[in-house]
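>
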Amino acid sequence: MRSLFAPMMTLMIAGCGVSPEPPASTPELAVAPDISVRRAQFVPQTVSAETGHLSEGDREALRHLVVAAEATGEIFALQAWAGNPAFAPRVAALAGPDAEAAKDYYRIMVGPWDRLDHHTPFLGDMPHPPGAGYYPEDLTAEEFNAWLEAHPDDREAFTSLHTLIRRDGDRLVAVPYSEAFAEPLERAAEAMRAAAAATDNPSLERFLELRADAFQNDDYFESDMAWMDLDSAIEVVIGPYETYEDGLFGYKAAFECFLCVVQPADSERLAVFKAELPFLEANLPIPDEHKNPNRGSESPIRVADELLATGDTRAGVQTLAFNLPNDERVREAKGSKKVLLKNVMQAKYEGILMPIAEAVLPAEELDRMSFEAFFQFVLHHELSHGIGPGQITVDGRATEVRLELKDLYSAFEEAKADTLGVFNIYALVDRGVMAPEILDSLPWTYTAGIFRTTRFGVAEAHGLGMVLQTNFLLAKGAVEITPEGRFRPVAERFEAAFRDLAHELLMIQAEGDYAAAVGFVERYGTVDPAMVAAIDRLAGIPVDIDPVFPFADAQE
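For the sequence shown, this note's numbering assigns the number 220 to the initial residue and increments by one for each residue that follows.
1) Does DSSP put Ile-657 in a helix, a strand or coil?
2) Looking only at DSSP bridge pairs, what is Glu-375 linked to?
3) Secondary structure at Leu-383, three-state DSSP: helix, strand or coil?
4) What residue does the alpha helix (DSSP H) around Val-579 start on, and which one ends it?
5) Leaving out five residues before and five after Ala-416 in sequence, what residues of the same chain have Cβ atoms less than 6 Å from its Cβ?
6) Within 9 Å (strictly less), CB to CB, does His-337 reach chain C?
7) Taking 7 Å as the limit between beta carbons, can you name the residues of its chain near Gly-352, skipping five residues before and five after?
8) In whole angstroms, what separates the C-alpha of Arg-705 from that of Arg-674?
9) Between Glu-500 and Ile-606, which are expected to be in contact by the criterion C-beta below 8 Å, what is the C-beta distance as a whole number of angstroms?
10) Would you tell me roughly how many angstroms separate the C-alpha atoms of Gln-565 and Gln-482, rounded to the nearest one?
11) Does the stretch 618 to 631 come within contact of the stretch 459 to 469, defined as at least 3 CB pairs closer than 8 Å?
12) Which stretch, first to last residue, makes up the alpha helix (DSSP H) that contains Phe-434?
13) Our contact map puts Leu-724 next to Lys-635 with C-beta atoms below 8 Å; I'd like the distance itself, whole angstroms only.
14) Please confirm whether Asp-277 and Ile-453 have their CB atoms less than 9 Å apart.
15) Would you check if the stretch 647 to 656 and the stretch 553 to 567 touch, i.e. whether three or more CB-CB distances between them fall below 8 Å?
16) In chain order, which beta strand (DSSP E) runs of at least 3 residues are fully inside the stretch 567 to 623?
17) What do you get for Asn-436, buried or exposed, if any count of 16 or more other CB atoms within 10 angstroms of its CB means buried?
18) Within the same chain, show all residues whose beta-carbon is closer than 7 Å to that of Asn-502, passing over the 5 residues directly before and after it, in chain order.
19) Classify Phe-261 as buried or exposed, calling it buried when 16 or more other Cβ atoms lie within 10 Å of its own Cβ.
20) Could you give the DSSP three-state label for Ala-307: helix, strand or coil?
21) Spatial neighbours of Ile-727 within its chain, please: CB distance less than 6 Å, with the 5 preceding and 5 following residues excluded, ordered by chain position.
22) Under a Cβ-count criterion, where at least 16 other Cβ atoms within 10 Å of its own Cβ denotes burial, should Gly-682 be classed as buried or exposed?
23) Identify whether Gln-482 lies in helix, strand or coil by the three-state DSSP scheme.
24) Does DSSP put Gln-728 in a helix, in a strand, or in coil?
25) What's the gap between the Cα of Ala-225 and the Cα of Ala-401?
26) Distance, Cα to Cα, Ile-760 vs Val-751?
27) Would you kindly report the start and end of the unbroken alpha helix (DSSP H) that includes Pro-457?
28) Kindly confirm or deny that the stretch 651 to 662 and the stretch 589 to 600 touch, where touching means at least three C-beta pairs closer than 8 Å.
29) Do you know whose CA, among Leu-367, His-599 and Ile-669, lies nearest Leu-489's CA?
30) Compare the beta carbon distance of Glu-584 and Ala-268 with 9 Å and say whether it is the shorter of the two.
31) Out of His-722, Thr-359 and Val-392, point me to the one whose CA is closest to Arg-374's CA.
32) With DSSP collapsed to three states, give me the class of Glu-525.
33) Ordered along the chain, which non-local residues of its own chain (more than five positions away) have a Cβ less than 7 Å from that of Glu-749?
34) Out of Ile-384, His-604 and Gln-688, which one is the CA nearest neighbour of Asp-357?
35) At a threshold of 8 Å, does Asn-303 count as lining the ligand ATP (C-beta to nearest heavy atom)?
36) At which residues does the beta strand (DSSP E) containing Gln-264 begin and terminate?
Structure, rendered in structure tokens:
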């Protein structure tokens, strides 16, 4: 199986002047005794797509984009932990029966901490820095906030998506990504310009040229706008986007890349939902003053097959779909684009979700599951990221939900998207846009999905978001636990319960109420013992896939 992480680390080590062999005095790393079990949670799965129908120019562009993608993977490894370059040789030197499992798990986790287990170490004993590689490891939230109180002119740069925070003597300074990651960004930009020259698609050429410029000036607005206009057989996402990795504040964006081939027939089938976004915004169960009718409604929907994923999206659990960009200015002007990764979804549904359903649902109700319900739920989850509060006003101050909810933003945004994903399907059925048959399987498919997501752990945004939902639904009686410990949806209570949950989550976002978010987590953020028992029954089922990308292999 090919490892993108090993060559990536070799390049990082060389660039940082770190010896490829650990010093003789370096103590051997302690390896978690259950490392083989942890590694087995991720099953190797080939993820491929047909590219023969692409033009020769697009096939050549893809070859260059693989180079750019691998550079973003290098950058993310530094964002995940600035110590990765120095640590990698110690991992490479491991020997013994657990060595290969430990090396592979380090590759999957992009560091020595288990993303499925509250970021606890599985190599060594160093605690995980909550600010990952974005901040000095000894920096506390109190020190950061005190600095901004004393230096208010630094606020914009310090809270920017695209800076690292570093110490300079007794000062804190913000270092732009273009400076901090200059060498890999230059390689990525060069490869993207070569891809732009190769493609015969003008919209792809324009996006790649603008994104290459953004890598060197940290201004992503124009390239995000161009990405929204991309009309190409190739769907490429490359750059800093999600803020999950920043556990200190949720301010900093992580680099990632998706290389995909668009599936036009499936994309056309789902285009009808684009026209419904204004209705869905107007239908949100919150007062009108908190709704966001000015967001752009272009919001293209794409179904694609993945060829390669690197960086943030490759670490740990694999992405099923995405809704980007996150820049509120772009969302106001053009909405956001939803991309569903059908080949990844199919692999997870068959290899993971159905075995989970067999373990957690009542046996007699397994036939209520359907891939179509899973597919539509993921789609409407992504659509729901593009509606609701974004730019808000708190105490007369213009701000964003992201900035006000800080470290809890990602979990609440994922919980909101899940909740509205279900709520909006019911609304579209009532409106006559979707066939009512989807409701015959949605509650069961959602309920099985609880456990697919909760297994990621409450330290991860999606996992915590799902625990919040589940406990709320249990309290509302929309999900019940059978005497045998199985979880059963109470379908007739689903719509009302999801309306209530949507209201609570959206109001916390609309008011930018961090204290209310903390209180909600205190009420609903603990894993129920029955959920723990159900999760324990899933021990033999992989948590996720460990994708193998034959297309990228063929480019070496």
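Don't be surprised by glycine CBs; every beta carbon is placed ideally from N, CA and C.
Result, derived from the coordinates:
1) helix
2) When DSSP reads this structure, Glu-375 sits in no beta bridge, so it has no partner.
3) The three-state reading of DSSP puts Leu-383 in strand, counting E and B together.
4) 573 to 579
5) none
6) Although the question refers to chain C, the structure presented lacks it and comprises just one protein chain.
7) Leu-297, Gln-298, Ala-299, Trp-300 and Ala-301
8) 16 Å
9) 5 Å
10) 14 Å
11) A contact exists between the stretch 618 to 631 and the stretch 459 to 469.
12) 421 to 436
13) 5 Å
14) Between Asp-277 and Ile-453, the C-beta spacing is below 9 Å.
15) When C-beta atoms of the stretch 553 to 567 are compared with those of the stretch 647 to 656, fewer than three pairs fall below 8 Å, so the two segments do not count as touching.
16) 610 to 613 and 616 to 619
17) exposed
18) Ala-646
19) buried
20) Correct three-state label for Ala-307: helix.
21) Ala-735 and Ala-736
22) Answer is buried; the Cβ neighbour count reaches 16.
23) Coil, per DSSP.
24) helix
25) With a pLDDT of 39 at Ala-225, under the threshold of 50, the modelled position of that residue is not reliable, and the figure given next carries that caveat. If I take the Cα positions, the gap works out to 21 Å.
26) 15 Å
27) Looking at the sequence shown, residue 457 is not Pro but Ile. First-last for Ile-457: 453 to 459, but that is the beta strand (DSSP E), not the alpha helix (DSSP H).
28) Contact between the stretch 651 to 662 and the stretch 589 to 600 is present, because at least three Cβ pairs lie under 8 Å.
29) Nearest option by C-alpha distance: His-599.
30) no
31) Val-392
32) strand
33) Before going on, a small fix: residue 749 reads as Ala here, not Glu. For Ala-749, where only same-chain residues beyond five positions count, the Cβ hits under 7 Å are Ile-700 and Gly-704.
34) Ile-384
35) In the structure shown, the ligand ATP is absent, as is every other ligand, since no ligand is present at all.
36) 261 to 265
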